[in-house]
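For the sequence shown, counting from 1, position 170 maps to 199 in this note's numbering; every step adds exactly one. No residue lacks a Cβ here, since even glycine has one placed at the ideal position from N, Cα and C. Reviewing the structure listed below.
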Amino acid sequence: MSPSAHAAAHLAQLNVAALRHPLDDPRIAPFVEMLDPVNAAADGAPGFVWRLVGEGEADATGLRPAGDDVVVNLSVWESREALWDFAYRSGHLEAMRRRREWFERHVEAHLVLWWVPAGHLPTVGEALERLADLRAHGPSPRAFTFASSYAPDEAAPHLRPLPPGPARAARSAPAETSPTV
């Protein structure tokens, strides 16, 4: 892959997790306490581009597009390696190790990755569509996982074009990457 092909695409990721208890339950408090530091680490991580947050909020835990008890994490990264390093080689790993304390065990795919044109910020609807595609059809260049990864050039036919009009700044919205990967 040429450097220009890599720069033309960023990696979007969505993960979902069903809470064992409401966010205000004391049993979830350790997770809630980790949100700000983990999100700050994501915001400053090499290769971080953007993360979903609720309007006027610091994170996306108040958004429930996948169900009343399901929290979502939607973010964009410059590369697969940047996301991997954050998820598995930072303080985020401690949150992942403890996820069973706070979240139900997954019975189907809960994480989906896909390439987007650099500058495109995916919507929650787009992200949930990619997760549904992965669940229905398995990994493909359109929707994949870390274990079944595809390069940007393999996914080129599935990249969504940017809408007409001025380009959106990559860091135009506050960031969110909750420890639910």
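Residue closest to residue i, alpha-carbon to alpha-carbon, out of the options
i    : options                   : result
F60  : P151, A111 and G120       : G120
R129 : L48, P75 and A116         : L48
V136 : A46, A41 and A37          : A46
L150 : E123, L188 and Y179       : L188
A69  : R159, A95, A87 and A138   : A87
R164 : Y179, D65, V141 and R134  : V141
R93  : D53, V153 and H166        : V153
R118 : P186, D97, Q42 and V67    : V67
G73  : F115, E155 and A185       : F115
A124 : V145, A71 and W143        : A71
W14  : Q42, P186 and A185        : Given that the chain is displayed from residue 30 to residue 210, the structure contains no residue 14 and the question cannot be resolved.
W144 : L157, H166, L122 and R171 : R171
Outcome for residue i when other beta-carbon atoms lying within 10 angstroms are tallied against a minimum of 16
i    : result
S207 : In this prediction, S207 has a pLDDT of 38, which is less than 50 and means its spatial position is unreliable; what the coordinates show is noted afterwards. Buried.
N44  : buried
A161 : exposed
S33  : Its pLDDT being 45, under 50, S33 is placed unreliably by the model, and nothing is read from it.
H139 : buried
R134 : exposed
R126 : exposed
Sequence-distant residues of its chain with Cβ nearer than 8 Å to residue i (five each side left out)
i    : result
I57  : L48, R49, H50, P51 and W131
E62  : none
A25  : The chain is shown from 30 up to 210; residue 25 falls before or after that span and cannot be answered.
P193 : Interpretation of P193 is limited by its pLDDT of 49, a score under 50 that renders its predicted location unreliable; the figure taken from the coordinates is listed afterwards. Cβ within range, chain order: n/a, list empty.
G96  : A47
Contacting residues, own chain, Cβ-Cβ under 6 Å from residue i (five flanking each side not counted)
i    : result
G76  : W106, E107, S108 and A111
P203 : Reliability of the predicted coordinates at P203 is poor, the pLDDT of 36 falling under 50, and the value obtained from them is presented with this limitation in mind. Result list for P203: V82, in chain order.
R37  : One detail in the question is off: residue 37 reads as Ala in this sequence, not Arg. Once the five neighbours on either side are set aside, the close Cβ partners of A37 are A147.
G91  : G83
Own chain partners of residue i with C-beta closer than 7 Å, once the 5 adjacent residues on each side are dropped
i    : result
P168 : T174 and S177
P214 : This structure leaves residue 214 out entirely; the chain is present only between 30 and 210.
Per DSSP, cross-strand counterpart(s) of residue i
i    : result
N68  : In the DSSP output, where bridge partners are listed per residue, N68 has none listed.
V100 : A46
H39  : V145
R80  : S104
A172 : S169
request  = Only counting runs of 3 or more residues, tell me where the beta strand (DSSP E) segments fall wholly within the region 121 to 168, in order along the chain.
outcome  = 140 to 146
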